[in-house]
Each structure stands twice: as structure tokens, then as C-alpha cells.
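Line by line, the protein sequences give chains A and L.
Note that the first sequence covers residues 1351 to 1530 in the numbering used here.
Note that the second sequence covers residues 8 to 240 in the numbering used here.
Cβ coordinates follow ideal geometry from the N, Cα and C atoms, glycine included.
What you are looking at is a predicted structure, and each value in this text was computed from that prediction instead of being measured.
These notes concern the structure reproduced below.
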Amino acid sequence: MAEQAELMRLLQATAQGNQQSFQHLYELTAPKLYALCLRMLKSKEKSEEVMQEAFVKVWHHASEYHQDRGQVSTWLTSIVRYRALDRIRSQKPTESLDDDYDQKASDELGPLEWAIKGNEMNDLEACLDELNDQQKEAIVLSFIEGLTHQELTERTESPLGTIKSWIRRGLQSLKRCLAS
Amino acid sequence: MNYLKPDLLEHLAAEYVLGTLKGGARRRFEQLMMESYRIRSAVWEWEQNLSPIVENIPDRPVPDAIWKGIEHRINPQTEPKKSTWKNLFLWQSWGALSTAFAVVLAVFISIQTPTEVEQSGQVAIFNGEKNEPLWLVSSSKETGQLSIKAINAQAVAVDNKAFELWMLPTSGQPRSLGLMPVTGGKQEMVLSPQLLSVLQSTNGLAISLEPLGGSPTGLPTGPVLYQAPIVEL
């Protein structure tokens, strides 16, 4: 996403009711966040709805952002992700995915490849690399696809207890690594 | 269960952010977040820890329809003119012009439904912080029908919470008129003669934030977020 200082300036102007700045903030961040929605929801229509709901919320709640929430991009990502998670959890199991989505998704990198792809190795990527493959895959798949424990058992063909253990231990290791 | 025990708090916050904490456990944790800064801080820290994962997702072209939808929802007058009803949203200042709006609405109703010209009723508009209209509530004295239309309500929606509508009688306690819709078309119900009578002697309406399903006590349990005067038609 764009430089954080620029996002902060635009968010501050948005909080003052400046719609032009809000549109610029949207234009800078939407391509990444829409890609995240597609990955989580696997539907263009639902992704469009979630993006609209999330950014309308940003417009009305811009003044509630504060530095304890992290960078502006983190705050925006959280708003979009939680809205997408709500949508995933509320949809019926029988709801179908977009016909054309799977093909496009298959062209993208898998979670393990993502975690090691970045040219600039940031702290998280370095710490994810310290996890074993199962822990890393369970955490990344949960985060970017919104998979539940149960869905992870089906995806990885592993027992529920094992999945929970991978996530728990993986998160503990991540925490230790990021704090060091 | 002691949620402030560091290991447990850390684990629940991480699984909340990850999305693997779900259902009742997720809702309970959200309630605890509202009560404890320490719990919120743990969540924010995990959001910062994990959000860089998103940076590696390749950007995707964004359909123009998304911004158009956002623009319309934060600024309803941008919607293409489709009908007399929607033309009413051209008003720039809802707070100052709500009374005028009610008069126009009355004229509109009389034009649209000539057989009901003699009907009278009440209307109330709930506005948000920036004076944008959130809900339009109207009632008919003759039929007892209460209509609630969500306009921009989705923008102020709160996860796992419901908005409940209350009458504020001149004497006595608030009386519930049910839950407010956040999206979709007009929600309509027919009030009992008793409730209709209370509505006639009501000074205003209020909306409180309640648990999903509404107040468990029959009285507001959450904060009153919005109030609106009732305008006679």
C-alpha cells in the first residue's frame, strides 16, 4: 500500500469531512484490500459489498483512528477483514462461489509462497519462516482466507486437535520472535 | 475464566484477529474488548503483528462500481434521479430542513396515494453525526401502520449489536417499537391500538444500542445513540 505518512494525511482530512481526500485514500488502498476480499470471500459481488460497507464505515469513523491501532493501513485492513469475516460466517454453506473465481485464484501464490515471497524481508516474514510449514500454512490460511479450524482440517486433511495445536504453538512462536 | 490472565488473553486476542475465534466465543470476547483497554490493546497488537501478511497479496483491479456505491451511500444526492421519492434526497441540510421535508413528504404521499388524501400521521428522521439521514420513521393514525426505512444506517452499524426503537412518552417509561432495519427496503408493521395511543402522546423517538435480538429487559440497556422529534403531518 501507499506510504503511511500520505495515508495518515488523507485519513486526517477524511475525518474533517474532506471527500476528495477520502476518495484518494480509497484509490491508494482499494486494490490491495479488494484483492484480500476476493481471497477471503471468493466472490466479486460479495467483495464489492464488503468493500463498500467497510469504506462507508471508514468515512463515518475516520476520527476514531488513533496511533495505538497501528499504521493507517493496518487499521483499514482490520476494518475490511472483520467485515469480510462477518460475511463469511453469516453466509449459508450452500451459497456458491463465483464461477470464474477459482481459475483466477489458482494463478495466485499459495500461502506458503506468500509468506516467503517478499523481497524486503520484514519482521513478520522472518518470524513466519521460523515456524514449521504446517504452523505457517494454518496461520496464513486463516488470516488471508478466513478459514475456520474445521475448514483447515479439510484443507490440510489433519485432525482438529492437530490444527488447533499448530495455530496455538505457531502464534506463541510468532509472538516470541516478534518481541525479540 | 480469568480473561486477564496474560497467556489466555494473548491467545484469545490472537485467535480473534486471525478469525478462528468464532460464534459465541467471539461475541463474548468483543463484549470484553468494550470493557477492557488491556484486551483491546492485545487485539491491536496482534492486528499489527499479522497485517503485513496482506502486503504480499498481489493488487487486483477495482471495479468502478465499488466507489460509486460508496459515494452514493455517504452522499445520497449523488444517486441518479429515478423517482419522486429519491428526488427528495436532494436536500442538502437534513437537520435544518427536516420539518420542510415532512411537509414535502406529506404532499408526496397525497400525490402518490390519492385515495388516502385524508390520512394523517407522524414522521421522524434520525440523523447521524454529520447530519446525514440514517432512518426515516413514519406512521399512519388511521391504519396504525408504522414504516421504517433505513437510508444510511448501514454506515453506523455495530458488529453483533442491534438498534432498538423506543417511544418516549410524556410520562412513564420508554416503550419499544422493535428493532431497526440496517439495510434493505422499508420495514412495516401495524401497531396495536394501545401502542398507537402511546405514540400519539409521545414527544420523540430514540434509538438505543442493544444485544442482538433486542433489549432483554424491555427497557433500554445500552446507550441511547439517536433521538428524533416527531413531526405531525
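Shown in chain order are the members of the region 1410-1424 of chain A whose Cβ falls below 8 Å from a Cβ of chain L: 1410, 1418, 1419, 1420, 1421, 1423, 1424. Here DSSP, grouped into helix, strand and coil, assigns residue 1435/A to helix. At the C-beta level, residue 1404/A and residue 1430/A come within 8 Å of one another.
A Cβ-Cβ distance of about 6 Å is found for the pair residue 158/L and residue 142/L, placing them in contact under the 8 Å criterion. Check the Cα spacing between residue 1482/A and each of 1420/A, 1513/A, 1366/A: the tightest is with 1513/A. Exposure of residue 30/L is indicated by the presence of fewer than 16 other C-beta atoms within 10 angstroms of its C-beta. Counting only Cβ-Cβ distances below 8 Å, residue 156/L has no contacts in chain A at all, with the closest Cβ about 17 Å away. When the alpha-carbon of residue 1434/A is set against those of 1420/A, 1409/A, 1393/A, 1416/A, the nearest one is in 1393/A. Relative to residue 1390/A, the option among 1436/A, 1478/A, 1524/A whose CA is nearest is 1436/A.
Given a length threshold of 3 residues, each whole run of the beta strand (DSSP E) inside the region 138-178 of chain L is given here in chain order: 140-147, 152-157, 168-176. Taking a C-beta distance under 8 Å as the contact criterion, residue 49/L and residue 20/L qualify as a contact pair. Bounds of the alpha helix (DSSP H) holding residue 1511/A are 1510-1529.
The bridge partners DSSP lists for residue 182/L are 174/L.
Setting aside the 5 residues that flank it on each side, residue 195/L is surrounded in the same chain by 152, 153, 154, 155, each with a C-beta closer than 8 Å to its C-beta; the list follows chain order. Selection 1519/A, 1410/A, 1529/A evaluated against residue 1367/A yields 1410/A as nearest (Cα-Cα).
DSSP places residue 1392/A outside both helix and strand once states are collapsed to three, so it counts as coil. With contacts defined by Cβ atoms closer than 8 Å, residue 1427/A and residue 61/L form a contacting pair. The three-state reading of DSSP puts residue 1415/A in coil, since its state is none of H, G, I, E or B.
Contact of residue 80/L with chain A by beta-carbon distance below 7 Å involves 1402, 1406.
The DSSP-derived three-state label of residue 1381/A is helix. The Cβ atoms of residue 212/L and residue 162/L do not sit closer than 8 Å to each other. Rounded to whole angstroms, residue 1492/A and residue 52/L show a C-alpha spacing of 17 Å. Sixteen is the threshold: since fewer than 16 other Cβ atoms of the shown chains lie within 10 Å of the Cβ of residue 138/L, the residue is exposed. The CB of residue 1367/A comes closer than 8 Å to the CB of 137 in chain L, given here in chain order. Less than 8 Å separates the beta-carbon of residue 205/L from that of residue 182/L. As the crow flies, the alpha-carbon of residue 1515/A is around 18 Å from that of residue 1479/A. Looking at the backbone, the Cα of residue 1396/A and that of residue 1356/A are separated by about 29 Å. Considering only 1370/A, 1407/A, 1484/A, the residue with the shortest C-alpha distance to residue 1509/A is 1484/A.
Look at residue 134/L here: in three-state DSSP terms it is strand. Excluding five sequence positions before and after residue 1383/A, the CB atoms of its chain that fall closer than 8 Å to its own CB belong to 1401, 1404, 1426, 1427, 1430, given in chain order.
The beta carbon of residue 31/L does not come within 8 Å of any beta carbon belonging to chain A, so the residue lies off that interface. Residue environment: residue 1407/A is assigned as buried (16 or more neighbouring CB atoms within 10 Å of its CB, all protein chains considered). According to the DSSP secondary-structure assignment, residue 129/L is paired through a beta bridge with 146/L, 239/L.
When the Cα atoms are used, residue 57/L and residue 80/L turn out to be separated by approximately 31 Å. One thing to note: residue 215/L has its Cβ no nearer than 8 Å to the Cβ of residue 223/L.
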